[in-house]
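Visitor:
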Amino acid sequence: MFVRTDLVPAPYGAAKRDIMPDVEHRSHKGLNNRAENSHQPTRRRERIMKGFKSARHLQRFVSIHDPVANLFHIPRHEISSDNHRELRTRAMQMWNEIACLQTA
Numbered sequence: 008m009f010v011r012t013d014l015v016p017a018p019y020g021a022a023k024r025d026i027m028p029d030v031e032h033r034s035h036k037g038l039n040n041r042a043e044n045s046h047q048p049t050r051r052r053e054r055i056m057k058g059f060k061s062a063r064h065l066q067r068f069v070s071i072h073d074p075v076a077n078l079f080h081i082p083r084h085e086i087s088s089d090n091h092r093e094l095r096t097r098a099m100q101m102w103n104e105i106a107c108l109q110t111a
């Protein structure tokens, strides 16, 4: 049995001695790569692609989805609720204009 941690050894020494004296402590920069690599953009893209038949279908969806998603993505923690509502209203008005142009 072993414990895998990052390269900061300071907080682990006392815990290892008191709680887990028989456990081997491994701290090397390459040991934790498997867990950290799962959050990289390429892995995210692979997870997204699972639902599409081909990369072309994915690209067609993403080319439309991203601009629309960015239109409605308003960071709430940086603005007041009144400003957020105003930006949301503007986004809906813009979306209505875009949707009407696409159907006409």
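In our numbering, the protein residues as written are 8 to 111.
The beta-carbon is built from N, C-alpha and C at its ideal position, and this holds for glycine as well.
Between Leu65 and Met101, how many whole angstroms is the CB-CB distance? I'm expecting something under 8 Å.
Guide: Locating residue 65 in the sequence shown gives position 58, counting from the first residue. Locating residue 101 in the sequence shown gives position 94, counting from the first residue. The pair is not a contact, with the Cβ atoms about 25 Å apart (cut-off 8 Å).
Visitor: Assuming Leu94 and Ile81 are in contact, meaning their beta carbons sit under 8 Å apart, how far apart are those beta carbons, in whole angstroms?
Guide: As a first step, residue 94 is located in the sequence shown; it is residue number 87 there, counting from the start. As a first step, residue 81 is located in the sequence shown; it is residue number 74 there, counting from the start. Right, their Cβ atoms sit about 5 Å apart.
Visitor: How many Å lie between Ser87 and Asn103 at the Cα?
Guide: Counted from its first residue, the sequence shown places residue 87 at position 80. Counted from its first residue, the sequence shown places residue 103 at position 96. Answer to the nearest angstrom: the Cα atoms are 24 Å apart.
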